[in-house]
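These notes concern the structure reproduced below.
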Amino acid sequence: MPDSPPTRPCLEGRAFDIVVIGGGINGIAIARECARAGARVLLLDQHDFASGTTSRATRIVHGGLRYLEHGDLALVRESLRERERLLAEKPHLVRPMRFTLALRNGVNHGVLRSKLAIRAGLWLYGRMRPATSPREPAAEQSLERLLETDSGWALFDYDDAQCEFPERLAAEWLLEAAGAGAVVRNHTRVLAVLRQAGCVCGVTVRDLLSGKECRIASRQVVNATGPWADSVIRDSGLNTGACLVGGVRGSHIVLRSFPGAPRSAIYAEAADRRPVFVIPWNEMLLVGTTEVPDGSDPACTKPEPAEIDYLLRAFNGLVPFRRATRENVVYAYSGIRPLPRVENLAPSSITRRHILYTHDFEGAAGLVSVVGGKLTTAASLARDCARLLKLRVPCRATMVAAGPPADGIENSLRQWARQVAVMAHITEAAAASIAEWHGRSAICIARMASAEPRMRRALCPHSEHIVAEAVNAFRYEYAVNAADALLRRVPVALSGCWSEDCTRTAVVRIGAVMGWTHERQEREIEAMETERNAFLVRLALTRPQSAAQQSRII
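Written as structure tokens, this is what we have:
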């Protein structure tokens with residue numbers, strides 16, 4: 001069980017083999033891999049695990065169909081392999097999803113985007129999947145469908161995957177890292193990487209809960225802070241000559257669903273030929289993304305009004321029978337992609353490969369900075385990093401287990417849901433929601449709920465999720481405050497109907513079990529709402545922009 005904020009011990013005097021700075025999906029994966037290899041690992045995050053780019057992306061696990069156009073077959077092969085591994089290892093969180101590639105008829109897309117080239121590319125995309133990957137029956141593998149021919153779209157089907165809640169994937173990997181021996185600590189800021197005689201010797205940190213500062217010894221440090229990577233380097237007094245990361249803002253809008261809404265994902269081009277996705281998500285529609293160079297503080301990034309209007313136009317071009325307006329937007333959010341910094345190159349042309357940058361020539365041997373990377377290939381990045389740190393890593397590259405049968409995970413979830421419903425004395429619908437987010441761990445949550453009636457209460461009247469899930473987040477998943485629990489470990493606050501009233505109800509019900517005072521509850525509500533409103537932008541505070549302002553996002 002993680003320490004509660006008042007009692008978690010100071011790390012002063014502790015020594016580790018590796019300190020990983022940054023608790024996003026990449027940092028967690030690296031900590032897990034290094035701990036499994038036998039290293040003494042400390043994982044630190046200045047805010048909360050998965051609170052940065054990990055929770056602000058498009059939430060897909062994909063093989064990189066787009067990379068075929070750039071000829072990066074190796075990255076496509078790696079992405080497909082890692083996608084299949086995630087489908088096999090985390091089937092309750094990573095689910096197959098049918099995608100439709102839509103191209104406008106009568107538009108010159110270039111030779112690489114001709115129908116013949118797309119057929120060939122999709123054939124190659126399918127062939128590059130690991131042999132263990134389950135395939136759709138041939139009768140269902142139509143590469144091209146022309147639906148509603150008067151709509152002017154040529155449609156091509158292919159299969160990829162979705163991770164609706166990467167926050168939950170991060171939480172499960174975090175527990176696996178801790179189970180392998182890693183010490184994990186959120187709300188702890190690294191002030192500087194320490195050096196001696198040209199080598200890393202540790203880090204200075206500040207516990208943001210207690211305010212205490214201390215030095216921690218370590219022979220190696222991994223800077224996996226994503227868009228904050230250059231800040232860590234600067235704060236440590238290193239000079240790389242130029243920034244390693246060129247931050248690119250990706251904004252999304254979340255629309256209310258409607259009768260006839262797409263039930264599978266759509267991958268198309270906007271008017272400026274940038275890719276745009278329309279994806280069923282969380283009983284709503286997720287539309288994204290933009291690509292805007294952004295060097296501002298990643299913690300403060302928000303979608304600009306012009307980006308929202310751009311995404312609405314892209315959606316309306318795809319679904320003309322349902323004209324979405326700003327009133328249909330539930331909320332919008334942005335994240336910063338930590339892409340390699342490349343001058344005079346469009347963001348869409350910058351490689352999505354990860355880069356591991358060593359700082360030996362800057363007087364910091366033992367420091368590695370991670371640049372780039374994505375959800376799909378986080379585990380692969382972690383293996384590469386562990387090898388660079390001279391750890392013995394089992395070769396898992398070809399060890400991709402066959403995924404479950406088409407109905408395998410559904411049967412398992414139904415079975416777990418029945419068990420949870422009986423054990424926790426809750427409805428089967430509520431139990432199914434718990435099983436989908438927690439997999440086999442839902443049984444442990446059910447045991448908690450069976451022992452305490454207050455644990456069985458819904459977090460709010462509009463949710464199937466129960467108090468026991470949030471208490472589990474505090475006791476076992478390193479949640480420190482209500483925002484950690486309700487935005488990430490049990491991300492009910494991402495639902496379309498969540499409001500401040502829901503936050504208040506949830507905090508009061510959690511606090512009753514956790515023994516929080518009224519003052520603590522009020523602080524939690526205020527902090528939770530402040531963070532939620534900074535992350536999920538409601539459009540009442542934004543206004544449409546002029547054509548000149550809108551051109552900034554192209």
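Heads up: the sequence shown at position 530 corresponds to 530 in this note's numbering, and the numbers run straight through without jumps.
Cβ atoms here follow ideal geometry from the backbone N, Cα and C, with glycine treated the same way.
None of these values were measured; they are calculated from a predicted model.
- DSSP, read as helix, strand or coil, puts G246 in strand.
- Of I18, L487, L86, the smallest CA-CA separation from L391 is found for I18.
- Between A229 and Y478, the gap from beta carbon to beta carbon reaches 9 Å or more.
- Cβ contact annotation for G63 (same chain, cutoff 7 Å, sequence separation greater than five): V76, S79, L80, R83, Y125, D160, in chain order.
- Sequence-distant partners of L539 (beyond 5 residues in either direction) whose C-beta falls short of 6 Å from its own C-beta, in its chain, are R326, V329.
- With fewer than 16 other beta carbons inside 10 angstroms of its own, P259 counts as exposed.
- Taken in chain order, the unbroken stretches of alpha helix (DSSP H) that lie wholly in the region 347-416 and span 4 residues or more are 378-388.
- In the DSSP annotation of this structure, the continuous segment of the alpha helix (DSSP H) that includes L87 starts and ends at 73-89.
- Beta-bridge pairing by DSSP links A217 to A15, G202.
- Going by C-alpha positions, Q46 is about 41 Å away from A102.
- Between L286 and P280, the CB-CB gap stays under 9 Å.
- Taking C-beta atoms under 8 Å as the contact rule, A217 and A15 qualify, at a distance of about 4 Å.
- Look at N223 here: in three-state DSSP terms it is strand.
- Closest in C-alpha terms to V492, from the list L11, S433, A154, A451, comes S433.
- The C-alpha of H518 lies about 9 Å from the C-alpha of G511.
- Note that the C-beta distance between R95 and A242 is not below 9 Å.
- Around the CB of D272, fewer than 16 other CB atoms lie within 10 Å, so the residue is classed as exposed.
- When DSSP states are grouped into helix, strand and coil, T517 belongs to the coil group.
- Less than 9 Å separates the beta-carbon of V368 from that of C385.
- Residue state for Y478 is assigned as coil, using DSSP reduced to three classes.
- Nearest to R263 by alpha-carbon distance, out of N411, G250, Q162, is Q162.
- Closest option to C300, judged by alpha-carbon separation, among E307, I336, G27, H92: I336.
- About 6 Å separates the Cβ atoms of L174 and V184, confirming a contact at the 8 Å cut-off.
- Contact between A424 and S463 is ruled out by a C-beta separation of about 15 Å, above the 8 Å threshold.
- Boundaries of the alpha helix (DSSP H) harbouring V232: 229-235, taken from the DSSP string.
- In the DSSP secondary-structure assignment, L42 is bridged to V19, V183.
- Scanning its chain for C-beta atoms nearer than 6 Å, with the 5 sequence neighbours on each side dropped, one finds around A482 the residues V507, E524, M528, in chain order.
- Taking all protein chains shown into account, P453 has fewer than 16 neighbouring C-beta atoms within 10 Å of its C-beta and is therefore exposed.
- Remark: C-beta atoms of L194 and R215 approach each other more closely than 9 Å.
- Between the alpha carbons of D309 and G246 lies a gap of roughly 24 Å.
- Within the region 248-335, the complete beta strand (DSSP E) segments at least 3 residues long are 265-269, 275-281, 284-288, listed from N- to C-terminus.
- Close CB contacts of T505 within its chain, under the 6 Å cut and outside five residues either way in sequence, are with C460 (chain order).
- The Cβ neighbour count for Q220, taken over all protein chains shown within 10 Å, is at least 16; the residue is labelled buried.
- Proximity to T351 across V20, A74, R32, I30 peaks at A74, based on C-alpha coordinates.
- M448: member of the alpha helix (DSSP H) spanning 442-451, first to last residue.
- Annotation: F277 to A270 spans about 10 Å, alpha carbon to alpha carbon.
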